[in-house]
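Asker: For the sequence shown, my numbering puts the final residue at 229, and the numbers step up evenly by one.
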Amino acid sequence: MTSAGLGAHGLLLNALTIDGRTDGRRALLTAHGELVHGATNTLAEALAGLPSGITEVELDLAGVTFMDTTGLALLDLLTEYGDRQGVRVTTGRWRGQPRRVLELIGLDTTDPLRTGPPADSRERTASAVARERAEQLAVLRMEIAQLRHALDSRPVIDQARGVLMAAHGCTPEQAWEILRETSQRTNTKLRHIADAVTASAAPDGPPPPEPLRAALRAAAARHVSRAPV
């Protein structure tokens, strides 16, 4: 089973794949990739394909490298499946960024589907926990948006570094410093500078605006031994 999602600029994200096998009446599912848009459909297909008579489903998440709020929808799907089918459902081996997400929203990082504290305890603390989790979820969504923006911006920044390396005979690290310093000195987002540099390298491409050109020349002179004017 495979799913794939698209970033804001159409970049293909890592697909989610789920492999499965059975051990008697126990189903063992192994996930690889990212828990992003489309992942719940992949899991639903994997669950629908399980043979009858299964009494326990275990989902191994060790191969999952990233998740956004789709991961929470996936947990809901597993819970609903377990209740509907009358089977025990567990997840395990959360690692890296997905494990950090669970920590931020206060879920059990060993198995977020694990039964919580007694009802009377939940009632006493539900309001405070709900507020705290809402705040944590807002922070999490912001962090995920920033990560996605960084991933979407990376290709054009790498292209701009290549243009600068060819123009100045510099290293990838020096090209990065030129872009970074130009961004700071002109108070311009690095992505916009990279767009201008990349566009100028195209046939008949427009040169960067003069303030950016001057800042790029100055940064190149500081970071590269030979820097054409």
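Glycine residues also receive a C-beta, built at the ideal position from the N, C-alpha and C atoms.
What residue does the alpha helix (DSSP H) around residue 223 start on, and which one ends it?
Answerer: It spans 210-223 - the alpha helix (DSSP H) in which residue 223 sits, taken as one unbroken run.
Asker: Buried or exposed: residue 155, going by 16 or more other Cβ atoms within 10 Å of its Cβ?
Answerer: exposed
Asker: According to DSSP, is residue 113 part of a helix, a strand, or is it coil?
Answerer: Three-state result, residue 113: coil.
Asker: Going by C-alpha to C-alpha distance, which of 51, 30 and 55 sits closest to residue 88?
Answerer: 55
Asker: For residue 60, which three-state DSSP category applies?
Answerer: strand
Asker: My guess is that residue 196 and residue 208 are in contact by the Cβ rule of under 8 Å, so how many angstroms apart are they, rounded?
Answerer: 4 Å
Asker: Helix, strand or coil for residue 18? Go by DSSP, reduced to three states.
Answerer: strand
Asker: What residue does the beta strand (DSSP E) around residue 96 start on, and which one ends it?
Answerer: Per DSSP, residue 96 belongs to no beta strand (DSSP E); it is in the alpha helix (DSSP H), 96-104.
Asker: DSSP beta-bridge partners for residue 67?
Answerer: Under DSSP, residue 67 shares a beta bridge with 35.
Asker: Should residue 61 be flagged as near chain D, meaning a C-beta pair shorter than 8 Å?
Answerer: Absence of chain D from the displayed structure is noted, only one protein chain being present.
Asker: When you compare each of 199, 205 and 187 to residue 215 by their alpha carbons, which one comes out closest?
Answerer: Among 199, 205 and 187, the Cα nearest to that of residue 215 is on 187.
Asker: Just the Cα atoms here: how many angstroms apart are residue 71 and residue 23?
Answerer: 26 Å
Asker: Per DSSP, residue 92 is paired with what?
Answerer: 60
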